[in-house]
Structures are given as structure tokens and as C-alpha cells.
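The end of the sequence shown is residue 691 by the numbering used here, with every number in the run present. Yeah, the Cβ is synthetic: ideal placement off N, Cα and C, and Gly gets one too.
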Amino acid sequence: MSAVEQSRRLATAIPGPRSLELAVRRSAAVARGVSSVLPVYARRAGGGIVEDVDGNRLIDLGSGIAVTTVGNAAPRVSAAVAAAAAEFTHTCFMVTPYRGYVEVCEQLNRLTPGRGPKRSALFNSGAEAVENAVKIARAYTGRQAVAAFDHAYHGRTNLTMALTSKAMPYKSGFGPFAPEVYRAPMSYPYRDALSDPELAGNGALAAERAIAMLDKQIGAANLAAVIIEPIQGEGGFIVPAPGFLPTLLAWCRDRGVVFIADEVQTGFARTGAMFACEDEGIEPDLIATAKGIADGLPLAAVTGRAEIMDAPHAAGLGGTYGGNPVACAAALATIETLELDGLVDRARQIGALTMDRLGRLAAEDDRIGELRGRGAMIAVELVRPGGAEPDAELTRRVAAGAHAAGVIVLTCGTFGNVLRLLPPLTISDALLTEGLDVLAEVLAALPR
Ligand SMILES: *Cc1c(COP(=O)(O)O)cnc(C)c1O
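Okay, structure coming up:
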């Protein structure tokens, strides 16, 4: 297979005729509830490009939602997958185990923050990892309640819908939801500043606000776990004020509450560290991972302190496919690629380049309320000029304009007004700059 040419190319309108043909078949065959951001049908992808079935080449600023961090079809991953699939595709780790599963767990225990003995268990999706982290925390503590935060996203299964904050499109009509789930106020510096500037800059104070709620409405003695994304993903790439996470963690430690970091979106070099928790040096009890773990093969994990991970009884955890051998081979090759190719540093370079280019844009356009994020996880929050009122319509139009111009960009946010950038770490500076220039041009062309 030849490498995908690393240049943007519009061969047809977006979507082109072949994609439109597939769209007709899709609507007759695929359930409506499953939707797509950009209805061009992919043919191949790599580096910083997704090529579609009409021969269009799009700049990829989404990585399939923070998954293909090491580049789509990364050479080491493709080779490892082919080799593993030729040996065996499945035995079920719960029937006859295999080395790859053990090796992925060893790597996770080595790479995740936290000293002392650790254990891991493997699953298929981020939601499944989160569900299992909660099961483990309940088994360890003998308590039931779980607290999540405003703007949180933890998945689409029943328990993770309950943990997720936003009703549309994730929850509406799909209840009743799992019980014993509580929601605490998040630290959202940009929006906190509108009402309380002190809270915005002081993460410890914002944590005290959350802790007061946990204390009064649940009580630590009933609380099995607090779960939080160190930088919130779907909720809008919200980076809590410094001090927020450490203060929460300290409170949890003192009271025997398991602190779960959901690093499904932030993990594996995305934020310019192997895991986002490293930024403030916090060591969560449990870490849920998925997305960037295996370059798109379905794999997820829970990793954490041995005494907590080992709390559930034998055979209490598992699943038919969990830790599939081909997915494990992909994960090992992904981790090798992250380390050998220096991709943690590359994420920081991408962050610096993006902040520089978009920072100049933000300085002259007050529709950019805030530019935030870390590493290759950067967001642009769009607002009405002269204030902070979320502008979801502008956000939708910028994304649509970028798509028409051959740039894949995603949106997010509780208010639907955040453009999010998650480029693969293998994108060239030239392609990244071109993609950011397209975003700037599209925004400039839209009337204020
Ligand atoms: C995507 C995501 C999940 C859910 O992962 P799936 O693999 O889609 O089930 C959970 N938590 C966070 C932070 C995510 O970004």
C-alpha cells in the first residue's frame, strides 16, 4: 500500500458523487440514530490526511475523535495487526490467555501516573472502561454513590449516560438512568469569570465548592468514587483552574473515596504528556483509557492501585472480547510508536504552533471568547461579539465552511459553541498551518 499523498485536494464538491451514492444506500440500511460529522466516505488515511472515495484529500484535525494519535494506519501498527491476525484472532482471555494482554497491562502500569504496585484490566470501549472503574471502586469501598461533574462526558451506556451531563443528543429519551449518580460543579475558568473572578483563577476554591456539595448531598461515607476528565472532552475542552484536581484528590484520599481519572480522550500523548494528570502531578487511584490506546482498534483499559484493582472477586470482571489479541498487538505498536518517535514532544510543538496561529486570530476577533487546551487538544470557544453568549450557529457555520474547503474539524461543548482541534501527531507543520489558515479564512468570511 502506498502512503497517502500529504496534500489537501478538492477533486469534487464535498461530498462528491461516490459519497452521495453511499449516503443513499446508508440511509436505507443504517439506523438514523448513528450520524456522521462529514458525510465523505473514507478510502484511506495517514499522516495528516483522510482521502475519500471521490479522491478528495482532507486535512485531518480530528483523528477520528482523538483516536489515531500516532497517525492513521501507522506503519508499526498495521504490520503488528496483520501479523497478530495471521496467528489468531481470538481465544478469549477468560478461556485461554495470551501474552499480548499481559504485555499491554505491563505497559499501562509503567506509563500511567502513580507510584507503587498497579494492575490493569482490558475492555472494548471507553464507556466499558468507565463502567468497570465504577464497579471496581464499589467493590473496594463497599459504597454505592458516584459523583461526576457538570459538562462531563463518560459514554453512552446506561451507567455512563447517567454520568454524562448533556441531555441532547446523549440522554434524551433513553432513561431511566442508573441510580446513585450525583453531579458536582466543575471549574470552568472562562465562564466562572463572568460571575466570580476569584473562583475562575483559584482551582482550590472551585474544588471547595464541589466538595461542599459532595459533603452535604451525598456524604463521603456513601461515596464510592469521584470521576473526572482532567481536561473535559465533549463538554468543551474545559481545563479546570490549577489546584482544582489536586484539592479534589486530597479530599478523596482523606475519606477513602476512589478518585477515577477518565483519560479516555486526554490519554496517550494527546495533551503533551503521556497522561493529562501529569500536568499537576496528580496520581489518581484509577485511570480509564481508550481512544488513543490502539490507533483505532477497539481496546480500553482500567489501570490503578493494586489493592483497589484487586478488590473484585475472581471472575467478577471481564467480557468476551475484552483485550482482543489483535487490538493488544495494535496497542503495543502504538505505545512503541509514541515513545520511539517522540510524539509526546510533538504534541507540545503542535500545541505551540496552534496557539500561536490562533492566538493572533483571537487577538483581532472578539467572536473568539477563549482559546484553550494543552498540546494537540486545543479548543476555540465562539461567542457573540462584545460578550460571552455562546454562538452555536457561528460554530456550526465555521465547521461547515471548513468541511467544504477540505478540512475535518469537530465541534463540542455543552452549548455547542466550541471548535475542537485534535490533529494526529503525525501531521506536518505545513498541513497543520494550512488547516488553521482555512479555519481563519472561513471565520473571517462569516458576517459578524
Ligand atoms: C469518548 C469518551 C468516552 C466513551 O468512549 P467510547 O469508546 O465511545 O465508549 C468516555 N469518556 C471520555 C472522556 C470520552 O472522550
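Strand pairing of residue i, partner residues [DSSP]
i	result
Met-620	Arg-617
Ser-250	Beta-bridge pairing links Ser-250 to no other residue.
Val-569	BP columns for Val-569 are empty, so no partner.
Cys-655	Val-661
Leu-529	Ile-503 and Gly-547
Phe-366	Ala-543
Tyr-425	Ala-390
Val-681	For Val-681, which the question treats as bridged, DSSP gives no partner whatsoever.
Val-650	Ile-302
Member of the options whose CA lies at the smallest distance from the CA of residue i
i	options	result
Ser-362	Ser-368, Leu-529 and Ala-395	Here residue 362 is Arg; the residue named in the question, Ser, does not match the sequence. Nearest C-alpha to Arg-362: Leu-529.
Thr-514	Ala-395, Ala-619 and Pro-473	Ala-619
Pro-527	Thr-546, Gln-249 and Val-482	Thr-546
Phe-366	Pro-666, Leu-560 and Ile-670	Leu-560
Tyr-344	Ala-576, Arg-663, Ala-647 and Gly-678	Ala-576
Val-296	Phe-658, Ala-533, Arg-610 and Glu-264	Glu-264
Ala-554	Cys-520, Ser-321, Ala-467 and Pro-473	Ala-467
Thr-384	Glu-677, Ala-687 and Val-500	Val-500
Asp-522	Gly-298, Glu-506 and Thr-407	Glu-506
Ile-302	Asn-567, Ala-647 and Val-569	Ala-647
Ala-252	Gly-585, Lys-378 and Val-293	The sequence shown places Arg at residue 252, rather than the Ala named in the question. When only C-alpha atoms are compared, the closest one is Val-293.
Ile-308	Pro-258, Asn-299 and Gly-369	Gly-369
Ala-388	Tyr-413, Ala-326 and Leu-457	Leu-457
Val-424	His-397, Thr-638, Asp-439 and Ala-328	His-397
Ile-379	Leu-675, Glu-684 and Phe-502	Phe-502
Asn-352	Met-552, Ala-329 and Gly-444	Met-552
Ala-622	Gly-612, Leu-406 and Leu-662	Leu-662
Gly-478	Phe-518, Arg-496, Ile-461 and Glu-624	Glu-624
Arg-691	Ala-645, Gly-357 and Val-626	Val-626
Ala-390	Leu-653, Phe-480, Val-469 and Ala-288	Val-469
Gln-350	Ile-536, Gly-659, Gly-629 and Thr-597	Ile-536
Thr-355	Glu-684, Gly-565, Thr-597 and Thr-509	Thr-509
Ala-215	Gly-616, Arg-300 and Leu-542	Residue 215 lies beyond the range of the chain shown here (244 to 691); nothing can be said about it.
Gly-659	Phe-480, Ile-525 and Cys-571	Phe-480
Residue i burial status per 10 Å Cβ neighbour count (16 or more: buried)
i	result
Asp-435	buried
Met-411	exposed
Arg-603	exposed
Met-244	Legend: pLDDT at Met-244 = 47, less than 50; position of this residue unreliable, value from coordinates given subsequently. By the neighbour-count rule (16 or more Cβ atoms within 10 Å), Met-244 is not buried but exposed.
Pro-260	exposed
Phe-417	exposed
Thr-332	exposed
Ala-254	exposed
Lys-534	buried
Met-337	exposed
Asp-588	exposed
Leu-664	buried
Ala-246	exposed
Leu-693	This structure cannot settle anything about residue 693, because the visible part of the chain is limited to 244 through 691.
Leu-700	This structure cannot speak to residue 700, because the chain is shown only from 244 to 691.
Leu-583	exposed
Glu-472	buried
Lys-409	buried
Arg-548	buried
Arg-268	exposed
Arg-386	buried
Glu-607	exposed
Leu-668	buried
heavy atom of ligand 3 below 8 Å from residue i C-beta
i	result
Arg-269	For the structure depicted, ligand 3 is absent and the ligand set comprises only ligand 1.
Contact with chain C by residue i, beta-carbon distance below 9 Å
i	result
Asp-435	Protein chains in the displayed structure number just one, and chain C is not present.
- Message: Ignoring anything shorter than 3 residues, give me the beta strand (DSSP E) runs that lie fully in the region 278 to 312, in order along the chain.
- Response: The DSSP assignment places complete beta strand (DSSP E) segments of no fewer than 3 residues inside the region 278 to 312 at 285 to 289, 292 to 295 and 300 to 303, in order along the chain.
- Item | Every unbroken alpha helix (DSSP H) within the region 571 to 645, with a cutoff of 4 residues, ordered by chain | Runs found: 586 to 607.
- Item | Closer than 5 Å to ligand 1: residues, by C-beta to nearest heavy atom, in chain order | Qualifying residues, in the order they occur: Ser-368, Gly-369, Ala-370, His-397, Gly-398, Glu-472, Gly-476, Asp-505, Val-507, Gln-508 and Ala-533.
- Item | Segments assigned alpha helix (DSSP H), at least 4 residues, entirely inside the region 456 to 504 | Inside the region 456 to 504, DSSP marks whole alpha helix (DSSP H) runs of 4 or more residues at positions 487 to 498, from first to last along the chain.
- Counting only runs that start and end within the region 320 to 408, where is the alpha helix (DSSP H) found for 4 or more residues in a row? Secondary structure in the region 320 to 408: the alpha helix (DSSP H) runs of 4 residues or longer, each lying completely within the stretch, are 342 to 354, 369 to 384 and 401 to 406 in chain order.
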